[in-house]
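Protein chains in written order, with the working numbering: chain A, 5 to 280; chain B, 13 to 187; chain C, 3 to 381.
Following: one structure in C-alpha cells, then a few remarks.
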Amino acid sequence: MEIEAEANPMDKYLRADRIPHIWCPGCGLGIVLNAFLHAIDELKIDMDELAIVSGIGCTGRIAGYINCDSYHTTHGRAIPFATGLRLANPEMKVVVISGDGDLFAIGGNHFIHAARRNIDITVIGVNNYNYGMTGGQLGPTTPLGARTTTSPYGNVEHPFNLCHVAHASGAVYVARWTVLHAVRLKNSIKEAMNKNGFSFIEVIAACPTTYGRRNKMPTGLDEMKYYREHSIIRHGIDPSQANIEIGKDIIVGKFIDIEKPTYSDAFEELKKRVKK
Amino acid sequence: MKKEIRFSGYGGQGIILMGNIAAKAAVLYDDKNAVYTPSYGPEARGGAASSNVIIADEEIDYPYVTDIDVLVAMSQLGYEHNAPLLKDNGVLIIDKDLVKLKNGVGKVAKIDATRIAEQLGKRIVANIVMLGFFTAVTKILSYDAIKKAVLESVPAKFKELNEIALEKGYKEGKK
Amino acid sequence: MKKIRFWSGDIAAAEGAIAAGCRFFAGYPITPASDIAEHMALRLPQENGIFIQMEDELASMAAILGASWGGAKVMTATSGPGFSLMQENIGLGAITETPCVVADVQRAGPSTGMPTLVGQGDVMQSRWGSHGDYETIVISPSSPQESFDLIIRAFNLAELYRVPVIFLMDECVAHMSERVVVPPKEKIEVVERLKPSMPPEQYMPFKPLNNIAPMAIAGMGYKIHVTGLTHNEKGYPQTTSTEVQEWMIRHICDKIRKNERKIRDIEEYEMDDAEIAVVSFGIAGRSAKAAVKIARKHGIKAGLIRLKTIWPFPEEYFENAADNIKKFIVAEINYGQVKLEVERSIHGKASVELLPKFGGAVHTPMEIYNKIKEAKNGN
C-alpha cells in the first residue's frame with residue numbers, strides 16, 4: 005500500500021525546510037500565521053513582491069517561515085528597517101509581524117513615529133501579554149495584577165492599550181482580534197494590506213507556557229475559552245474605550261479606517277516640486 | 013604669501029559670513045589657497061563671534077589662525093580679545109563707532125561701517141561694507157573676486173544693496 | 003569638466019556620497035554632523051533620492067539597512083552619542099553583510115562631552131563598538147577634498163565587500179571650508195554591488211563567490227531570509243552549531259582582513275630617509291605635516307604617516323616601517339588609541355610615544371615639532 009501525505013494548500017507559502025517551527029503547543033502564533041497565509045492567498049499577493057520584517061521574540065520567528073523576502077532584524081527595530089525597505093523599494097508590500105514587547109517596549113518609539121509619518125506598511129502586533137521567548141517576563145501590555153516572572157506579586161504597572169496608541173499616533177487602520185477570531189483576523193489582514201498607509205492589527209494570542217500557567221489559564225484551550233467568554237465585537241468604537249483588564253470584556257473589532265496621504269505620497273509630490 | 017585673518021564681532025553682525033565670503037573669493041575667483049574655520053576656542057564665548065581665514069599661495073596644513081596678520085574688529089570685545097594675537101606688523105581694521113582703541117600702537121585702519129550701512133538703509137550690510145574696506149586696505153583679494161563671492165552668497169533680492177555696500181566700503185579704503 | 007567648489011567637510015561628504023550613488027539617507031540631528039543631513043535633505047530629492055529624518059539613531063541605522071536590502075546605496079551621519087546608539091545595528095549590518103556608510107563626525111567625549119568641539123576618541127569604537135567578532139572598514143579624511151574623494155571610496159568598499167564602512171570625520175574637518183575639486187562624472191569610479199544571476203533554487207544568499215556573496219535585493223524573486231542570528235550559507239538560523247558560527251565569523255572577518263593591502267590607504271610624507279615618524283590622521287594629520295616641514299627645515303629626519311584608512315589596521319605596513327624608524331610619535335586627539343595599534347604592530351622594533359590632545363583643540367604644529375625635537379635629542 006502506498007501512502008502519500010496530503011499537502012496543506014498553504015504549504016506553498018512556507019519554507020518547508022524550516023518546519024517544524026519553534027512554537028509551544030497551545031501557542032497562538034500558528035493561528036496568526038495561518039490567518040496571514042490565507043489572507044495573502046485570497047489577496048493573490050505575488051510572493052516576489054512581499055517582504056516580511058520582524059524583530060526579536062517568538063513572533064519574530066514568523067518571518068523565517070514564510071517563503072518570501074524576509075528580514076529578521078534586531079530587537080525593536082523591525083519598523084525602522086521596514087521603513088527603509090519600503091521607501092527604497094516602493095514595489096514591495098511590506099508587513100511587520102512582531103510581538104508586544106518588541107513593538108511597544110524596546111521598539112515603542114519607532115511604532116509611534118512610523119504611524120505619525122504614515123509609512124505605508126502593515127504592522128501585525130501579536131499581544132500575548134508577556135515576553136514569552138525569554139521565559140515570561142512583564143511586558144508593556146501585561147494587565148494590572150497579572151503574574152509574570154518579573155512581577156511575581158502581581159503587575160503594578162498600567163499597560164498600554166495598543167489600539168489606542170496606534171490611533172493616537174495616526175494609524176489609518178486599527179483593528180483588534182483574538183486568535184479565536186481566526187476568520188475575522190484574516191479579513192482584517194486583507195483590509196489592512198490593501199490600505200494605503202500605516203495599518204495596525206493587534207492580535208491577542210495565547211501563551212500558555214509562560215503567561216497562561218501563571219495566570220490560571222495553563223493550556224491554550226483555557227485561553228481560547230477565556231477569549232470566547234470575554235470578547236465583544238464593537239466596530240468603530242473609540243479605541244480609548246477599549247482598555248484590557250483582567251476579568252473584564254475584551255473589546256475587539258475594526259476601530260479605525262481612514263484615509264490620508266502617506267509619507268511616500270508626500271515625498272513623491274515634494275520631489276516633483278524640487279526636480280532640478 | 014600667507015595671511016592669517018580674523019573677523020571678530022558679536023552674534024548677528026554676519027561675522028561668520030564675512031570669513032566665508034573672503035575665503036570663497038580667494039579660492040574660487042583669485043585662484044589662491046584658502047581655508048575658512050568658524051569660531052573656535054575661547055574667543056567664541058559669550059555673545060562674541062569670530063571667523064578665521066588663511067589665504068596663501070602655498071599649501072595650508074594647519075588650518076587655524078594663531079598669529080594674526082589682519083584683525084577686523086567690529087566689537088570692543090572682539091578687539092580686546094584678539095589684538096594681543098596681532099603680529100607686530102599686522103593690520104588692525106576697526107569699525108570706529110564700535111571699537112575704542114586702548115593703545116595707539118601699530119597700523120589701524122578705521123571705518124564707520126555700521127553707520128554707512130545704516131545710511132544705505134540696512135544695518136545688516138555693515139559686514140559687506142567692512143569686507144569692501146578690508147579688500148581695499150589689505151589688497152590680499154582682488155575687488156573682482158570679493159564682488160563675485162559677495163553676490164554669490166547673498167539672496168537675489170539683496171544683490172544690488174550688497175554691491176553698493178561693498179563698493180562704498182572699498183572706496184573708503186582707497187581714500 | 004571638473005568643477006572647483008568651496009565646501010565644508012560636511013557638505014563635501016554629502017556631495018561625495020551623492021556622486022558615489024547614495025540615494026537614501028536616514029539620520030537624526032546631532033552636532034557636528036547635522037550639516038550632512040541638512041544638505042542631504044536639500045539635495046537628495048533633486049537626485050530622485052530619499053531623505054528621511056528618523057526618531058533617533060537606532061532607527062536611522064535600522065532604516066539604512068532596510069533601504070540597502072531594498073536596493074539603494076545608503077548612508078547615515080552622526081556624532082559620538084548617536085554613534086553609540088547605532089552600534090547595535092552596525093552589528094546587524096556586519097552579520098547580514100549589508101553595504102552601508104556611517105559617517106561619524108567625532109566630537110570630544112565621552113557621553114555628551116564637548117558637542118561643538120573636536121575629538122578623535124571614536125577610533126576604537128569604530129572598530130569594536132558592536133558586540134561579538136566582526137570587521138568594519140574605517141576611513142578618515144583630513145580635508146573637505148578628502149571628505150569628497152574618500153567617501154566615494156567608502157561607498158565603493160561598502161558595496162564591494164558588503165560591509166558597513168565607517169567614515170570617521172572630526173568636527174574640524176567637518177566645519178572647515180576649502181577648495182574641493184569635483185571631477186567630471188565620468189572620471190569618478192563608482193562600484194555597484196554584485197547581484198545574483200543564477201536561478202533561485204541554486205542561489206545561496208550567504209555563500210561567497212570569490213570572497214563575497216552576490217546580494218539579492220528585495221523583489222528580485224530569490225525569496226531570501228536575512229537574519230541577525232548566526233546563519234548558514236542559505237541564510238537560515240543555526241543557533242546551536244559551533245561549526246556554522248566558526249564558518250560565519252571567519253567569513254565576515256577574513257573578507258576584510260585578507261584584503262587589508264587592497265583596502266590600505268596611507269599618505270607618506272618625507273618618509274624616504276625618516277628616522278622619526280609622526281603617525282596621525284584626520285585634522286591632527288595636518289598639524290603633523292606642518293610639524294614635519296618645520297623639522298625638516300631644522301635638518302631633522304622626520305616623516306609623516308597619515309592614515310586615510312585606519313581599519314583594518316595596516317599592521318604589516320608598520321612592522322616593515324619599523325625597520326627604518328627609531329621612534330614613532332602618535333599624534334591623536336584622544337588619550338591613546340591608534341598608539342596602541344602602532345605598538346602592537348611593530349613588535350618592539352622601535353619606541354612609540356603618544357602625543358595626546360584630550361578633545362576641544364587640535365595639536366599646534368609647534369607642539370608636535372617640539373616632540374620631534376625631543377625624540378631627536380634622545381629623550
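Backbone N, C-alpha and C define an ideal beta-carbon position, used for all residues, glycine too.
Among A:Val57, A:Lys190 and A:Gly201, whose alpha-carbon lies nearest the alpha-carbon of His117 (chain A)?
The residue with the shortest Cα to Cα distance from His117 (chain A) is A:Gly201.
Can you name the start and end residues of the beta strand (DSSP E) that Cys211 (chain A) belongs to?
Looking at the DSSP string, Cys211 (chain A) is not in any beta strand (DSSP E), and its letter there is neither H nor E.
Check whether the segment 320-333 of chain C touches the segment 85-93 of chain C, counting contact only when three or more Cβ pairs, one atom from each stretch, lie closer than 8 angstroms.
No, the segment 320-333 of chain C does not touch the segment 85-93 of chain C.
What residue ranges within the segment 142-186 of chain C form continuous beta strand (DSSP E) runs of no fewer than 3 residues, ordered along the chain?
Listed in chain order, the complete beta strand (DSSP E) runs (minimum 3 residues) inside the segment 142-186 of chain C are 166-172 and 179-184.
Can you name, in chain order, every residue of its own chain whose Cβ lies under 7 angstroms from the Cβ of Gly140 (chain A), other than the five neighbours on each side?
Cβ within range, chain order: Asn134, Thr152, Thr153, Thr214, Tyr215 and Arg218.
Tell me which residues share the same chain as Ser20 (chain B) and place their Cβ nearer than 6 angstroms to its Cβ, disregarding the 5 neighbours each side in the sequence.
These residues qualify, in order along the chain: Ser62, Ala85, Gly90 and Asn94.
Any Cβ of chain C within less than 7 angstroms of the Cβ of Pro54 (chain B)?
Note that Pro54 (chain B) scores 47 on pLDDT, short of 50, meaning its location in the model is unreliable; the coordinates nonetheless yield the value given after this. Pro54 (chain B) does not count as touching chain C.
I'd like the list of long-range same chain contacts for Leu18 (chain A), defined as Cβ closer than 8 angstroms, with 5 residues on each side in sequence excluded.
Excluding sequence neighbours, Leu18 (chain A) sits near Leu41, Tyr69, Ile70 and Asn71.
Mind checking who Pro167 (chain B) pairs with in its DSSP beta bridge?
DSSP output for Pro167 (chain B) lists no bridge partner at all.
Can you give me the Cβ contacts of Val120 (chain C) inside the same chain, cut-off strictly under 8 angstroms, excluding the 5 residues immediately before and after it?
Within the same chain, Val120 (chain C) has close Cβ partners Gln108, Arg109, Ala110, Asp172, Glu173, Cys174, Ile285, Ile335, Gly361, Gly362, Ala363 and Val364.
Which class does Lys187 (chain B) belong to by DSSP, given the choice of helix, strand or coil?
Of the three classes helix, strand and coil, the one that applies to Lys187 (chain B) here is coil, per DSSP.
Using the beta-carbon of each residue, which ones in chain A are nearer than 7 angstroms to Leu196 (chain C)?
Under the 7 angstroms cutoff, chain A gives no residues; its nearest Cβ is about 18 angstroms from Leu196 (chain C).
Measure the alpha-carbon distance for Gly53 (chain B) versus Asn64 (chain B) and round it to whole angstroms.
Per-residue confidence for Gly53 (chain B) stands at a pLDDT of 47, beneath the threshold of 50, marking its modelled position as unreliable; no derived number is given.
Against chain B, does Glu272 (chain C) count as a neighbour if the rule is that its beta carbon must be under 7 angstroms from one of theirs?
By this cut-off, Glu272 (chain C) is not an interface position.
Buried or exposed for Asp100 (chain B), please, with buried defined as at least 16 other CB atoms from any protein chain shown within 10 angstroms of its CB.
The residue is exposed, with fewer than 16 neighbouring Cβ atoms inside 10 Å.
Mind checking if Tyr41 (chain B) is an interface residue toward chain C, Cβ cutoff 7 angstroms exclusive?
No - not a single Cβ of chain C is within 7 angstroms of the one on Tyr41 (chain B).
What three-state label does DSSP hand Asn113 (chain A) in the structure shown?
Of the three classes helix, strand and coil, the one that applies to Asn113 (chain A) here is helix, per DSSP.
Distance, Cα to Cα, Asn159 (chain A) vs Val100 (chain A)?
One C-alpha to the other measures close to 28 angstroms.
If you measure from the beta carbon of Arg232 (chain A) to each beta carbon in chain C, is any gap under 7 angstroms?
No, no contact with chain C.
Let me make sure I understand the geometry here. Which of A:Thr138, A:Ala67 and A:Lys194 has the alpha-carbon closest to that of Ser58 (chain A)?
Among A:Thr138, A:Ala67 and A:Lys194, the Cα nearest to that of Ser58 (chain A) is on A:Ala67.
Since I believe Pro166 (chain C) is in contact with Ile278 (chain C) (beta carbons under 8 angstroms), could you give me their beta-carbon distance rounded to a whole number of angstroms?
In fact, because the Cβ distance is near 35 angstroms, the residues do not count as touching under 8 angstroms.
Starting from Ile105 (chain B), follow the beta strand (DSSP E) in both directions and report where the run begins and ends.
Looking at the DSSP string, the run of the beta strand (DSSP E) that includes Ile105 (chain B) is Leu98 to Asp107.
I want to check one thing, is the minimum distance from the CB of Gly102 (chain B) to the heavy atoms of the ligand GTP below 6 angstroms?
Here there are no bound small molecules, and the ligand GTP is not part of this structure.
Can you name the residues of chain C whose CB is closer than 8 angstroms to the CB of Val47 (chain B)?
By Cβ distance, chain C contributes Met178, Ser179 and Glu180.
Kindly indicate if chain C contains any beta-carbon less than 7 angstroms away from that of Lys112 (chain B).
Not one chain C Cβ lies under 7 angstroms of Lys112 (chain B).
Grouping DSSP H, G and I as helix and E and B as strand, with all else coil, what is Lys258 (chain A)?
Looking at Lys258 (chain A) - three-state DSSP - the assignment turns out to be strand.
Quick check: the Cα distance between Pro29 (chain A) and Ile236 (chain A), rounded to an integer number of angstroms?
Rounded to whole angstroms, Pro29 (chain A) to Ile236 (chain A) spans 26 angstroms at the Cα level.
Phe26 (chain C) touches chain A at which residues, Cβ-Cβ below 8 angstroms?
Residues of chain A passing the Cβ test: Gly88, Leu91 and Ala92.
Distance cutoff 7 angstroms, beta carbons only. Does Thr138 (chain C) sit that close to anything in chain A?
No, its Cβ sits nowhere closer than 7 angstroms to a Cβ of chain A.
What's the call for Val192 (chain C), buried or exposed, on a 16-neighbour Cβ count within 10 Å?
It is exposed - the Cβ of Val192 (chain C) has fewer than 16 other Cβ atoms within 10 Å.
For Met200 (chain C), count neighbouring C-beta atoms within 10 Å of its own C-beta (all shown protein chains included) and say buried if the count is 16 or more, exposed if not.
Exposed, because fewer than 16 other Cβ atoms sit within 10 Å of the Cβ of Met200 (chain C).
For a minimum of 3 consecutive residues, which ranges assigned as the beta strand (DSSP E) are wholly contained in the segment 21-68 of chain A?
Entirely contained in the segment 21-68 of chain A, the beta strand (DSSP E) runs reaching 3 residues are, in chain order, 54-58.
Considering only the alpha carbon of each residue, which of B:Lys14, B:Leu40, B:Gly23 and B:Ile28 lies closest to Glu164 (chain B)?
Ranking B:Lys14, B:Leu40, B:Gly23 and B:Ile28 by Cα distance to Glu164 (chain B) puts B:Leu40 first.
Which value, in whole angstroms, describes the spacing of the CA atoms of Gln240 (chain C) and Lys16 (chain A)?
If you take the alpha carbons of Gln240 (chain C) and Lys16 (chain A), they lie about 23 angstroms apart.
For Thr147 (chain B), which three-state DSSP category applies?
Correct three-state label for Thr147 (chain B): helix.
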